[in-house]
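According to my numbering, the sequence shown holds residues 13 to 415 in order. Positions of the beta carbon are idealized from the N, C-alpha and C atoms, including for glycine.
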Amino acid sequence: MKIPIATSLRGELSVPGDKSISHRSVMLGAIAEGITEVRGFLKSADCLATIECFRHMGIEIDEIKEENRYTGLQESVLIIHGQGLHGLREPLEALDAMNSGTTVRLLSGILAGQSFHSYIKGDSSLQKRPMKRIIDPLTQMGCRIESEYENNCLPLEIYGGKLHAIHYSSSVASAQVKSCVLLAGLYADGPTTFFEPYPSRNHTELMLAAFGGNVKAKVDPLTMQPGAIIYPGTALRGQKLRIPGDISSAAYFIAAGLIVPRSEIILRGVGINETRDGILRVAKAMGGNVITRNVRMEGREPVADIIVKTSKLKGTNIGGALIPALIDEIPIIAIMAACAEGDTEIYDAGELRVKESDRLSAIVENLKNMDVDVEETEDGMIIHGAGGKKKRARRAPGRLGYF
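Printed below as a string of structure tokens:
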């Protein structure tokens with residue numbers, strides 16, 4: 013694929029629905045009582061894997077078309093026929109998470125509380141990703157989990173049953189681990205608490221509350237670490253949901269609007285949850301002209317229209333508590349840094365080494381392919397931006413790899 017250089021970008025668009033929230037809408041809709049309607053669902057391969065897993069456990073999930081009352085255009089509505097916390101059926105075959113880490117980690121928390129045995133697998137890439145981070149807390153809760161190859165990776169055999177409440181402190185800030193423990197906590201014999209070094213995305217807590225779950229934010233009184241507590245015993249009820257636009261998808265247009273000359277882009281209906289808005293905070297810290305307008309709530313999620321204009325960017329430092337709020341946007345932030353004036357250091361991002369690939373190395377390799385001056389570090393990178401410099405254009409097209 014050849015990508016021509018744009019001289020200007022102007023217009024407005026809506027980005028696809030948020031992937032994280034789409035996953036959770038299916039999971040909670042399935043274990044709620046009654047019908048859940050989901051508008052704006054992201055029909056990506058990962059989210060479709062979640063749907064298929066629940067269909068294999070007896071959940072009826074349909075799709076209908078209706079006219080959007082605001083745009084007049086046809087849109088899909090996902091109809092999930094929830095069967096309650098204990099209404100899932102034992103799957104007759106392996107549950108296939110394909111390439112979706114969110115599917116396997118969150119689903120494992122639900123499976124741990126069932127009265128049946130299940131087997132969950134994934135593709136060759138997902139089989140390399142660490143699962144000990146969910147096996148440990150679920151085992152502490154009383155669930156028996158076996159890794160087929162005894163390497164704490166997929167495939168996993170999960171023997172569901174009665175769970176014990178736990179007080180768990182995670183060594184990593186991970187919304188997937190947190191969500192796994194909280195979902196398992198729905199089936200525990202008492203309140204379950206989860207704490208982490210920094211706040212991770214809180215979509216699970218917000219959606220659980222919307223479905224009627226008794227979940228609250230909590231701070232560990234000893235360590236002052238952030239977290240959440242969930243109280244079991246409350247039935248979840250089906251809801252009508254609209255999925256906000258995915259800020260991770262919007263990030264590419266935000267970066268393009270900042271970098272490409274004479275640009276102005278309006279992004280409609282983007283989720284700006286404070287645990288996900290790191291890209292906006294970094295863009296502003298770099299001097300970017302980024303404005304949010306028409307801020308409103310879609311369910312319990314904040315949504316806004318984002319206006320981006322061409323800006324002269326400057327380098328910045330990115331790390332610590334900010335990382336969980338932009339972990340998926342680091343590749344595009346690296347591009348912004350390459351076009352900024354001065355140095356940008358990204359640190360505390362070692363989690364990117366255990367994604368589908370080693371994303372840190374992949375980012376650095378591709379930046380070097382484009383003649384960017386960049387240094388790889390143990391948990392991040394240092395990018396020496398060329399903004400403001402008259403750098404000679406390369407004579408041959410750059411070649412990028414995908415990972």
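Please classify M13: does DSSP put it in a helix, a strand, or coil? coil
Looking at I375 and A346, is the spacing between their C-beta atoms short of 9 Å? yes
Quick test of your reading: G281 and S275, contact by CB under 8 Å. State the CB separation rounded to the nearest angstrom. Not a contact, Cβ separation roughly 20 Å.
Hey, out of E310, E78, A295, A44, whose CA is closest to F66's CA? Comparing Cα-Cα distances from F66 to each of E310, E78, A295, A44, the minimum goes to A44.
4 or more residues per run - each alpha helix (DSSP H) lying fully within the stretch 204-272: 215-222, 259-271
Over the uninterrupted alpha helix (DSSP H) stretch that includes S385, give me the two end residues. Looking at the sequence itself, residue 385 is Asp, so the reference to Ser does not match. Per DSSP, D385 belongs to no alpha helix (DSSP H); it is in the beta strand (DSSP E), 385-389.
My output table needs one value for V282: the three-state DSSP class, helix, strand or coil. strand
Which whole-angstrom value describes the C-beta separation of S112 and T62, a residue pair presumed to lie in contact below a C-beta threshold of 8 Å? 7 Å
Compare the C-alpha of A185 against each of K324, A240, A221 and name the closest. A240
Is I255 near L292, with beta carbons less than 9 Å apart? 9 Å or more divides the Cβ of I255 from the Cβ of L292.
Over what stretch of residues does the beta strand (DSSP E) that includes T304 continue unbroken? 301-310
Residues that P314 bridges to, as DSSP identifies them: Paired residues: M309.
Do I394 and V384 have their beta-carbon atoms positioned less than 9 Å apart in this structure? No; because the gap between Cβ atoms is not below 9 Å, this pair is not in contact.
Would you mind reading off the limits of the beta strand (DSSP E) that contains I132? 129-133
Along the chain, where does the beta strand (DSSP E) that runs through K77 open and close? Counting along the chain, the beta strand (DSSP E) containing K77 begins and ends at 72-79.
Determine the burial state of I76: buried for a count of at least 16 other Cβ atoms within 10 Å of its Cβ, exposed for fewer. exposed
Excluding sequence positions up to five away, which residues of its chain have a Cβ less than 8 Å from the Cβ of R36? L118, S191, H215, T216, M219
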